[in-house]
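Take a look at the structure below.
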Amino acid sequence: MTADSGVDRSALIAARQGLVPVKRNGRFDGFENILRKELGDWFGTRRWIVQTILWLVIINGLMAFILFAVPSIDPSEQVSAEENLAIALDLYFNFAILFGSIGMIILTQDEIIQEKQSGTAAWLLSKPVSRSAFILAKLLSGLVGGLVFIAGLTAAAAYVETYLVSHQTVQLSSYLMGTGVVLLALVFYLTMVIMLGAIFEQRGALLGIAVGVLLGGLIASQFTPLVSYFLPVNMADIALAVVQKQPLPLAAVSQLVATGVWSLLFTSVALWVFGREEF
Amino acid sequence: MDGSNGAVIHSRGLSKVYKGVTALEGLNLQVPPNSIFGFLGPNGAGKSTTIKLLLGLIRPSAGTASVFGQDIQRSSLEIRKRVGYLAQDPRYYEHMTARQTLRYTARFFYQGPGDLIEARVEEMLELVGLENKADRQIKGFSGGERQRLGIAQAQVNYPDLIILDEPAASLDPMGRHDVLAVMERLRKYTTIFYSTHILDDVQRVSDRVAILNHGQLVAEAPIQELLAGNGSAVMYQVAIKGETWQAQKLLESQPWVQQVLSSEGDGCTSLQVSVSDEEAAEEHLLRLILEDRGLMVKRFGRKTYNLEEVFMNIIDGRNGNDS
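Top line first, the protein sequences correspond to chains A and B.
Counting with our numbering, you get residues 1 to 279 for the letters of the first sequence.
Counting with our numbering, you get residues 280 to 602 for the letters of the second sequence.
Structure below.
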């Protein structure tokens with residue numbers, strides 16, 4: 001054989017055409033392109049309108065109903081401005097974390113499984129795309145989606161609602177920190193779902209485990225306070241304490257650290273499992 | 280030295296076992312540059328498994344392989360940078376259009392400039408005749424259109440190697456014709472390694488063929504060698520008018536004649552003469568027949584095989600041996 005198969009002729013032809021090759025990043029090859037496409041799916045289609053309406057209705061709509069409609073129906077529910085402020089914040093953080101976590105599980109359940117089942121993951125991985133880049137792009141796009149639609153927009157709307165109901169403003173920096181706690185809870189469920197998507201082939205197992213951890217953790221924490229040391233079961237209380245500058249609940253620091261550690265662990269497992277997956 | 284000896288694809292003892300079931304066993308393969316290499320075999324023979332191994336989609340259980348002299352496990356990303364791949368059942372994001380899919384594919388290889396990427400996308404759309412459907416969502420595409428899109432996305436990066444898994448399986452005759460024409464056109468730029476069970480196509484365009492059965496390589500040769508009956512006895516076919524029994528007896532008495540089979544049809548007797556000495560046959564066979572002045576030879580020539588016969592002989596022979 002005379003031809004040299006080692007010569008990268010494809011690169012030479014592309015260079016002659018003026019095309020600039022993508023810089024290779026090893027473990028991150030393809031990350032930017034996948035992330036751009038995933039973010040395009042969130043923001044470049046009608047999905048962003050649907051998500052915006054959905055979360056504003058679920059979280060802020062329900063909040064508005066309780067804050068504005070109930071007192072007008074039942075005048076005995078009229079309370080002071082300070083109480084209104086506390087109720088509004090309590091409602092927001094509880095709704096954002098409970099509904100947001102469920103929403104995050106539902107929204108991201110297909111991110112990996114659907115791609116494995118449909119064959120698009122195999123197609124992408126036949127291109128110069130690293131498996132780590134695939135998982136990390138899914139995580140980051142999910143995080144941005146969660147940050148914007150579930151945490152960001154609803155937090156902004158809730159801030160306005162809180163003011164309208166109490167005519168008092170919350171300090172913005174502490175409010176943002178409270179929103180950060182919401183985001184941490186969402187990250188916990190996002191990374192868990194991505195990991196479960198990498199492990200399982202069917203949605204049933206994924207949903208069962210993720211929802212089981214969410215609801216099971218909440219129920220278990222009522223009977224065993226120990227659970228709150230290592231699962232994000234009191235994140236709403238923590239966020240509320242942060243915003244209102246009150247003492248943090250028992251096990252708050254442990255819970256926050258554990259949530260972060262779990263998220264890193266889930267991400268690592270997802271990378272490891274997906275790295276060994278066969279298509 | 281990687282031992283590939285300049286081959287684009289080189290494998291040594293490549294094997295894959297899925298949960299105790301052997302899908303591929305000890306594959307030794309050499310695909311020369313700029314060849315159109317047909318990879319044949321019945322369903323479940325291990326063709327797709329081989330392709331997935333080469334692309335790093337699955338890991339080998341044993342053996343090694345290299346593409347462009349680079350190890351398929353250690354340098355998979357580098358290899359995929361220079362490869363175009365069309366899957367057997369190509370799947371894309373259904374909500375994306377053909378243009379978006381090609382742009383997305385191109386962006387894995389090129390960061391810009393945007394206008395040149397768009398030009399390349401347009402070129403690919405024209406190549407496969409999808410320019411009129413470029414901005415339709417893929418979910419409305421027929422099987423043939425998906426296949427065309429698959430061929431386009433496999434070429435967007437000017438690949439040094441195109442791997443096609445059953446590229447014409449879901450196409451109508453016109454579509455098949457187009458695919459083969461594209462393959463022939465690309466021959467001077469690239470190496471094409473493709474699996475198929477459509478033997479007519481292989482015979483038309485391939486330079487070299489490998490046949491896989493039950494995960495094992497059972498034949499590998501240049502197509503002309505296979506069609507000439509590689510490994511089989513040399514056979515001549517003679518169509519004769521007249522009483523042939525004397526000529527038949529005469530032929531059977533020759534030491535270089537192994538077997539003479541006769542059949543009747545179209546007012547002629549057809550003799551199939553297997554010989555052990557090709558030179559002796561070329562020199563004497565026709566003369567011996569014509570010694571009988573009452574015979575008229577209507578046709579004479581060496582029997583050539585079509586790929587289907589070769590394929591069936593090899594596969595049936597192997598399956599017969601297995602049972």
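Glycine residues also receive a C-beta, built at the ideal position from the N, C-alpha and C atoms.
- Query: What residue range is occupied by the uninterrupted beta strand (DSSP E) comprising Q583 (chain B)?
  - Reply: The sequence position of residue 583 (chain B) within the second sequence is 304, counting from 1. Strictly speaking, residue 583 (chain B) in this sequence is Thr, with Gln absent from that position. In the DSSP assignment, T583 (chain B) falls outside any beta strand (DSSP E) and carries neither an H nor an E.
- Quick one: is L125 (chain A) near chain C, going by C-beta distance under 8 Å? Looking at the structure shown, chain C is missing, and the protein chains on hand are A and B.
- Message: I'd like to know whether the C-beta of Y473 (chain B) is nearer than 8 Å to at least one C-beta of chain A.
- Response: The sequence position of residue 473 (chain B) within the second sequence is 194, counting from 1. Output row for Y473 (chain B): interface = no.
- Any C-beta of chain A under 8 Å from that of P438 (chain B): Position 159 of the second sequence, counting from 1, holds the residue named residue 438 (chain B). Yes, contact with chain A.
- Message: My output table needs one value for D439 (chain B): the three-state DSSP class, helix, strand or coil.
- Response: Along the second sequence, one-based indexing puts residue 439 (chain B) at 160. Correct three-state label for D439 (chain B): coil.
- Check each residue of the region 22-33 of chain A: if its Cβ is closer than 9 Å to any Cβ of chain B, include it; give the result in chain order. When CB distances to chain B are screened at a threshold of 9 Å, the residues of the region 22-33 of chain A falling below it are V22, K23, R24, G26, D29, G30, E32 and N33, in chain order.
- Among B:V300, B:N284, B:L306 and B:G363, nearest to Y292 (chain B) - alpha-carbon criterion: What you label residue 292 (chain B) is simply residue 13 of the second sequence in a count that begins at 1. Rather than Tyr, the amino acid found at residue 292 (chain B) in this sequence is Gly. In this structure, B:L306 is the residue among B:V300, B:N284, B:L306 and B:G363 with its C-alpha nearest to the C-alpha of G292 (chain B).
- Query: Straight-line CA distance for E357 (chain B) to I441 (chain B)?
  - Reply: Against the second sequence, residue 357 (chain B) aligns to sequence position 78. Against the second sequence, residue 441 (chain B) aligns to sequence position 162. Rounded to the nearest angstrom, the two C-alpha atoms are 15 Å apart.
- Message: On a Cα-Cα basis, can you pick out the residue from B:Q390, B:I477 and B:S485 that is closest to T470 (chain B)?
- Response: Residue 470 (chain B) sits at position 191 when you count from the first residue of the second sequence. Ranking B:Q390, B:I477 and B:S485 by Cα distance to T470 (chain B) puts B:S485 first.
- Answer with buried or exposed for H167 (chain A), where buried requires no fewer than 16 other C-beta atoms within 10 angstroms of its C-beta. Here residue 167 (chain A) refers to the residue found at position 167 of the first sequence. The residue in question, H167 (chain A), is exposed, as its Cβ has fewer than 16 Cβ neighbours within 10 Å.
- Item | chain A within 8 Å of K331 (chain B), Cβ atoms only | On the second sequence, residue 331 (chain B) is found 52 positions in, with the first residue counted as 1. Cβ-Cβ to chain A under 8 Å: yes for K331 (chain B).
- Query: Beta-carbon separation of G363 (chain B) and N436 (chain B) under 8 Å?
  - Reply: Against the second sequence, residue 363 (chain B) aligns to sequence position 84. Against the second sequence, residue 436 (chain B) aligns to sequence position 157. Yes, these two residues count as a Cβ contact at 8 Å.
- Any idea if N585 (chain B) is buried or exposed, counting beta-carbon neighbours within 10 angstroms, 16 or more meaning buried? On the second sequence, position 306 is the one that residue 585 (chain B) refers to. Exposed: under 16 other Cβ atoms inside 10 Å.
- Quick one: which chain A residues come within Cβ less than 9 Å of R566 (chain B)? For the purposes of this step, residue 566 (chain B) is taken as residue 287 along the second sequence, with counting starting at 1. Residues of chain A with a Cβ closer than 9 Å to the Cβ of R566 (chain B) do not exist; the shortest Cβ-Cβ separation is about 43 Å.
- Kindly confirm or deny that the region 256-263 of chain A and the region 293-300 of chain B touch, where touching means at least three C-beta pairs closer than 8 Å. With a cut-off of 8 Å on Cβ pairs, the region 256-263 of chain A is not in contact with the region 293-300 of chain B, counting fewer than three such pairs.
- Note down, in chain order, every chain A residue with its Cβ under 8 Å from the Cβ of R487 (chain B). Here the question's residue 487 (chain B) lines up with position 208 in the second sequence. None at all; the shortest Cβ gap to chain A is about 12 Å.
- Message: I'd like to know if the region 107-127 of chain A and the region 153-163 of chain A are in contact, where contact means that at least 3 CB-CB pairs between them fall below 8 Å.
- Response: In short, these stretches do not touch, since the Cβ pair count stays below three.
- In chain A, which residues lie with their C-beta within 8 Å of the C-beta of T384 (chain B)? Looking up residue 384 (chain B) in the second sequence gives position 105. K127, listed in chain order.
- Would you decide whether P311 (chain B) is buried or exposed? Buried here means 16 or more other CB atoms lie within 10 Å of its CB. Locating residue 311 (chain B) in the second sequence gives position 32, counting from the first residue. With 16 or more other Cβ atoms from the protein chains shown falling within 10 Å of its own Cβ, P311 (chain B) counts as buried.
- Message: With a threshold of 8 Å between beta carbons, is M1 (chain A) in contact with chain B?
- Response: For this step, residue 1 (chain A) is matched to residue 1 along the first sequence. Annotation note: pLDDT 41 at M1 (chain A) (below 50); position unreliable, no value reported.
- Own chain residues within Cβ distance below 7 Å of I315 (chain B), not counting five before or after: Stepping through the second sequence from its first residue, residue 315 (chain B) is reached at position 36. Within the same chain, I315 (chain B) has close Cβ partners M462, R466, I471, V484, S485 and D486.
- Task: Decide if W55 (chain A) is buried, meaning its Cβ has at least 16 other Cβ atoms within 10 Å, or exposed.
- Result: In the first sequence, counting from the first residue as 1, residue 55 (chain A) sits at position 55. For W55 (chain A), the number of other beta carbons within 10 angstroms of its own is at least 16, and it is reported as buried.
- Task: Locate the alpha helix (DSSP H) running through S10 (chain A), then write down its first and last residues.
- Result: Taking the first sequence and counting its residues from 1, the one referred to as residue 10 (chain A) is at position 10. If you look at S10 (chain A), you'll find it in the alpha helix (DSSP H) that goes R9 to Q17.
- Taking L334 (chain B) as the query, report the chain A residues whose CB atoms sit under 7 Å from its CB, ordered along the chain. Position 55 of the second sequence holds residue 334 (chain B). Chain order gives the chain A residues near L334 (chain B) as S126, where near means a beta carbon separation below 7 Å.
- Query: CB-CB under 6 Å to G216 (chain A), same chain, minus the five flanking residues each way: which ones, in chain order?
  - Reply: Locating residue 216 (chain A) in the first sequence gives position 216, where the first residue counts as 1. Excluding five sequence positions before and after G216 (chain A), none of the CB atoms of its chain fall closer than 6 Å to its own CB.
- Message: Could you give the first and the last residue of the continuous beta strand (DSSP E) run that contains K520 (chain B)?
- Response: Here residue 520 (chain B) refers to the residue found at position 241 of the second sequence. It spans V513 to K520 - the beta strand (DSSP E) in which K520 (chain B) sits, taken as one unbroken run.
- Message: Could you check whether the Cβ of L19 (chain A) sits closer than 8 Å to any Cβ belonging to chain B?
- Response: On the first sequence, position 19 is the one that residue 19 (chain A) refers to. Interface annotation, L19 (chain A): in contact with chain B, CB-CB separation under 8 Å.
- Query: How is the beta strand (DSSP E) around P71 (chain A) delimited, first residue to last?
  - Reply: The residue given as residue 71 (chain A) occupies position 71 in the first sequence. Note, P71 (chain A): premise wrong, no beta strand (DSSP E); alpha helix (DSSP H) at V70 to I73.
- C-beta contact flag for L409 (chain B) and E424 (chain B) at 8 Å: Position 130 of the second sequence, counted from the first residue, corresponds to residue 409 (chain B). Position 145 of the second sequence, counted from the first residue, corresponds to residue 424 (chain B). With contacts defined by Cβ atoms closer than 8 Å, L409 (chain B) and E424 (chain B) form a contacting pair.
- Distance, V213 (chain A) Cα to F188 (chain A) Cα: Along the first sequence, read from residue 1 onward, the residue named residue 188 (chain A) stands at position 188. Along the first sequence, read from residue 1 onward, the residue named residue 213 (chain A) stands at position 213. Rounded to whole angstroms, F188 (chain A) to V213 (chain A) spans 11 Å at the Cα level.
- What do you reckon, are the CB atoms on A507 (chain B) and V488 (chain B) nearer than 8 Å? Mapped onto the second sequence, residue 507 (chain B) falls at position 228. Mapped onto the second sequence, residue 488 (chain B) falls at position 209. Taking the C-beta atoms as reference points, V488 (chain B) is found no nearer than 8 Å to A507 (chain B).
- Compute the beta-carbon to beta-carbon distance between G323 (chain B) and S355 (chain B), rounded to the nearest angstrom, for a pair I have assumed lies under 8 Å. Locating residue 323 (chain B) in the second sequence gives position 44, counting from the first residue. Locating residue 355 (chain B) in the second sequence gives position 76, counting from the first residue. That pair is no contact at about 25 Å.
- Message: Does chain A have any CB closer than 8 Å to the CB of Y372 (chain B)?
- Response: Translated into the one-based positions of the second sequence, residue 372 (chain B) becomes position 93. Any Cβ of chain A closer than 8 Å to the Cβ of Y372 (chain B) would place that residue at the interface, and such an atom is present.
- Query: Around the Cβ of R524 (chain B), are there at least 16 other Cβ atoms within 10 angstroms (buried) or fewer (exposed)?
  - Reply: By one-based count along the second sequence, residue 524 (chain B) stands at place 245. Sequence check: residue 524 (chain B) is Trp here, not Arg. So W524 (chain B) ends up on the exposed side.
- Message: Report the CB separation of M195 (chain A) from F134 (chain A) in whole angstroms; it is logged as a contact under 8 Å.
- Response: Sequence index remark: in the first sequence, residue 195 (chain A) carries index 195 (1-based). Sequence index remark: in the first sequence, residue 134 (chain A) carries index 134 (1-based). Contact between M195 (chain A) and F134 (chain A) is absent: CB atoms are separated by about 14 Å, not below the 8 Å threshold.
- Item | Whether R27 (chain A) touches S132 (chain A) by CB criterion (8 Å) | As a working mapping, residue 27 (chain A) is identified with position 27 in the first sequence. As a working mapping, residue 132 (chain A) is identified with position 132 in the first sequence. Yes, Cβ-Cβ distance for R27 (chain A) and S132 (chain A) is below 8 Å.
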